[in-house]
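J.: Residue numbers (the working numbering), protein chains in the order written: chain G, 2 to 780; chain X, 633 to 830.
(1) Please identify the residue among X:692, X:672, X:698 and X:669 whose C-alpha is closest to the C-alpha of residue 683 (chain X).
(2) Using C-beta distances below 7 Å, list every residue in its chain close to residue 509 (chain G), excluding the 5 sequence neighbours before and after it, in chain order.
(3) For residue 538 (chain G), does the three-state DSSP call read helix, strand or coil?
(4) Do you know whose CA, among G:233, G:286 and G:5, lies nearest residue 295 (chain G)'s CA?
(5) Quick check for students: name the residue ranges of the alpha helix (DSSP H) that lie wholly in the region 554 to 634 of chain G, counting only runs of 4 or more.
(6) Examine chain X for any beta-carbon lying closer than 8 Å to the beta-carbon of residue 77 (chain G), and answer yes or no.
(7) Say whether the region 581 to 595 of chain G touches the region 110 to 118 of chain G, bearing in mind that this needs 3 or more beta-carbon pairs closer than 8 Å, one atom from each stretch.
(8) Check residue 38 (chain G) in the structure and name its three-state DSSP category.
(9) Residue 362 (chain G) and residue 372 (chain G): beta carbons closer than 8 Å?
(10) Measuring alpha carbon to alpha carbon, tell me which residue in G:414, G:522 and G:454 is nearest residue 662 (chain G).
(11) Counting only beta-carbon separations shorter than 8 Å, does residue 717 (chain X) have a partner in chain G?
(12) Inspect the CB distances between the region 684 to 695 of chain X and the region 806 to 824 of chain X and report whether three or more fall short of 8 Å.
(13) Hey, residue 672 (chain X) and residue 805 (chain X) are a contact pair by Cβ (cut 8 Å); roughly how many whole angstroms apart?
(14) Rounded to a whole number of angstroms, what is the C-alpha to C-alpha distance between residue 3 (chain G) and residue 334 (chain G)?
(15) How about residue 799 (chain X): is its C-beta nearer than 8 Å to some C-beta of chain G?
(16) Scan the region 688 to 708 of chain X for residues whose Cβ lies nearer than 7 Å to a Cβ of chain G and list them as they occur along the chain.
(17) Can you pull the chain X residues whose beta carbon is under 7 Å from the beta carbon of residue 149 (chain G), in chain order?
(18) Consider the Cβ of residue 146 (chain G): report whether some Cβ of chain X lies at a distance smaller than 8 Å.
(19) In chain X, which residues lie less than 7 Å from residue 546 (chain G) when you measure between Cβ atoms?
(20) Please list, in chain order, the residues of the region 735 to 756 of chain X that have any C-beta partner in chain G closer than 7 Å.
(21) Buried or exposed for residue 493 (chain G), going by 16 or more other Cβ atoms inside 10 Å?
(22) Which of the three DSSP states, helix, strand or coil, is assigned to residue 650 (chain X)?
(23) Can you list, in chain order, the residues of its chain with a C-beta nearer than 7 Å to that of residue 87 (chain G)? Leave out the 5 residues immediately preceding and following it.
(24) Indicate whether residue 618 (chain G) and residue 471 (chain G) have their beta-carbon atoms separated by less than 8 Å.
(25) In this structure, how does DSSP classify residue 95 (chain G) when only helix, strand and coil are distinguished?
(26) Classify residue 666 (chain G): buried if its beta carbon has 16 or more other beta carbons within 10 angstroms, exposed otherwise.
(27) Would you kindly report the start and end of the unbroken beta strand (DSSP E) that includes residue 64 (chain G)?
(28) Under 8 Å between beta-carbons, which chain G residues line up against residue 795 (chain X)? List them in chain order, please.
(29) In chain order, what residues of the same chain have a beta carbon less than 6 Å from the beta carbon of residue 709 (chain X), not counting five sequence neighbours either side?
(30) Can you find a C-beta in chain X that's less than 8 Å from the C-beta of residue 162 (chain G)?
(31) Judging by CA-CA distance, which residue of G:637, G:420, G:563 and G:694 is the nearest neighbour of residue 673 (chain G)?
(32) From G:684, G:422, G:69 and G:231, pick the residue whose C-alpha is nearest to that of residue 59 (chain G); which is it?
(33) Opposite residue 683 (chain X) in the DSSP bridges: which residues?
(34) Check whether the Cβ of residue 186 (chain G) lies closer than 8 Å to any Cβ atom in chain X.
(35) DSSP three-state call for residue 384 (chain G): helix, strand or coil?
(36) Can you pull the chain X residues whose beta carbon is under 7 Å from the beta carbon of residue 72 (chain G), in chain order?
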């Protein structure tokens, strides 16, 4: 081993160690933040926060079915008891009374501070008269039994109005004391995890705990458990991607290894082939981690795909090593072409570095660093480690057949032109299929599971928040006061028929100012009593019937104001925590809307509050927009990368004609691949785009090596190495195409198809080599 | 009563006669047997009446009066339309209760409101002659004879006992003429029902 090779080896080992040290401390994030622009708008930030850790993201909806209703109810009770004992869950609700007594108690005690109806006019003789007359009519009504008991202390019915306001619109039906589905076949339960929905590990543990508790609760029964919710979705998605990626990855690895082993006949060489990509990935992660502080899961997944080109480098080196040649010299011969290929890819990806989206910038950095390192390892490290005299013997038998095909290929030139014209026509006819894929189509969650989620959600009346009014302020009181102004605007919107209803934190915790205002509106006992006597005149009530009312009103005048702590232990506390959140900078109040019919009108009226500090969010639309923005920018930067590649090739090949020769097969392959995918019914998504980028990266090597001036003296050996590389790409990614998951099948089908077409088109569009042409003429 | 009590009685007698062919009736001394009353009531498929209800409440110095119509359709539908002092309806059908008021309507699932459910069944199950359901909520005793009977219902469920001490339905033949509710707090209401001429 030469001194230079020793130094290279030592540098590589040190580099790997350093990168490993960085990677070991790297945090991998899996939330939507990759799709978030670097300087997000307030709305975008709220959206991502909600998706990450909003209360809706923490709900796990559970159904128990498959046994008699009596048994199901028992299981539900035992399951709920077990989960309530766990500290993973903030709340567990299955319809059993539980915290409801506390809720009633809280509402009853604080009714005069909570009720929006409390105002000065209500306690004058005139106001009381109206209240008492209405009370009489209530007593006479069939529902009189309900008010009879509370009337002496609460003639205005503040308590009943509060109860009504807080009761969700749709509640599941009760059977044997627990919630059941409408058809009575499924017992229902909602658990809210303490951990954020985006914390997939914690969600996985919570789900495992539910399953274990169910196993014990349902011992001896046929009952089955169904669970759904955002957390469950992310857990299943991760499991599924993991298991599919592992399973398909394993199959691909076995097939490719078997193939390469048959070619190389050396396990050591097979192992060496992995080094460039593995080193590149390690360096890529380390670089992103150092530059961004964390690595996003999407960067990792896409990045490893993008530097898949690195796997080809080893194949080129090993296969092109001619009998009797030194690996080092083989590579020195190969290097100029490969360097151009690497530069092409690096330049193509580097445009993404400047993206406004952190996710894309990470991806750009990862692939640039990854590819450069993979190339350097191939150039400096692999030759030194390759066994002396290593030759791929299988090249000799393959070469004649491959070369015969290559010679025949240019005959398909004209059919290819027709094919490209057709592909263009297909793409022009289906403009909507291009880069319009929505987030939903990318979801690894099956439609059946989404349907189950909708069903459980409907039966439970669980929030499926889509529209949200959000207001932010620097402290708790300021945000509550702002929320009161938003609530007033929303009440007006209800009156105008723009929406059916809304939930609000100030229903449970009015601002101190409002509470004080209500206290000020309450009269003292010696003012209330005479007014009450005047009001009672001529009504059939006993004179002393409303003493409890006088007592409670005067007590409320000086009772301590409601604070967050007053709600402790009630189920209302949970609802409040969902709607009133402390953020990095100040506080935010959220008011989820129900039954929205005129979003724009509501948005306009909410937008006028506090100089536009209140806003109306459509979470679904916002997340779609975020994703589209990301996708749009990815496409734009890919196009920018393409222009950079043209400039690079012009500068290094110094011939527009040769540049055209190199690029034409690539452009044709990209067009044909897109057209075939669209014809197969795919909506092109970010995954397809990443696949196409890889096609351009590996394809550029194919077309460069086909260039007679660059293919080197052993053209047949070079072209056979291309075939080996392309077949391994085809197998590796072709296997992924069979995945049911949009992520994997999108990338898999694009790359497999694209790589195969890029090689075929390179052959078809290649110019006959002068020497060969001369030979052919001579013969 | 659209289907006459005489018809119902005939059916009941026929049933009795058939039963008596084997075993002598247990209660032969002129008293009315619960099963017999239930059977008579069960035979009534539809009924319509006017009601006047008086509530005697502790907070009121004079009783509160309301009136309206009652419509029963076997086996599970009972409508109570209050016409005075204001219009308001309760419609009990199957396991839901629909309340219609000036300010809109609300539907309740009986299973979710055990107390409302118990109240509803005291009347509906009596009209339907459904002793099994009555027994689920009440301890049932019968006094008097076919011409003038009193069905006394004592709630068994504690939550219901907190509200109503006893419900007494009285009538003659297959007609329920009065419903008295004795509340736990000492309040009381009496509803008298007369056949609707219409």
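Backbone N, C-alpha and C fix where the C-beta goes; we use that ideal spot for every residue, glycine too.
T.: In short:
(1) X:698
(2) 568, 573, 576 and 577
(3) Three-state result, residue 538 (chain G): coil.
(4) G:286
(5) 572 to 580 and 600 to 608
(6) Chain X, which has no Cβ nearer than 8 Å to the Cβ of residue 77 (chain G), makes this no.
(7) no
(8) strand
(9) no
(10) G:414
(11) yes
(12) yes
(13) 7 Å
(14) 18 Å
(15) no
(16) Residues are counted here when their Cβ sits less than 7 Å from a Cβ of chain G; for the region 688 to 708 of chain X these are 689, 691, 692, 693, 694, 696 and 698, given in chain order.
(17) Neighbours of residue 149 (chain G) on chain X, chain order: 689 and 819.
(18) Yes, contact with chain X.
(19) 691
(20) 741, 743 and 744
(21) So residue 493 (chain G) counts as exposed.
(22) Confidence in residue 650 (chain X) is poor, its pLDDT being 36 and thus under 50, which makes the residue's placement too unreliable to answer from.
(23) Excluding sequence neighbours, residue 87 (chain G) sits near 210.
(24) yes
(25) coil
(26) That one is buried.
(27) 60 to 66
(28) 146
(29) Here the set comprises 725.
(30) no
(31) The candidate whose alpha carbon is nearest that of residue 673 (chain G) is G:420.
(32) G:231
(33) X:700 and X:825
(34) no
(35) helix
(36) Residues of chain X passing the Cβ test: none, with the nearest at roughly 18 Å.
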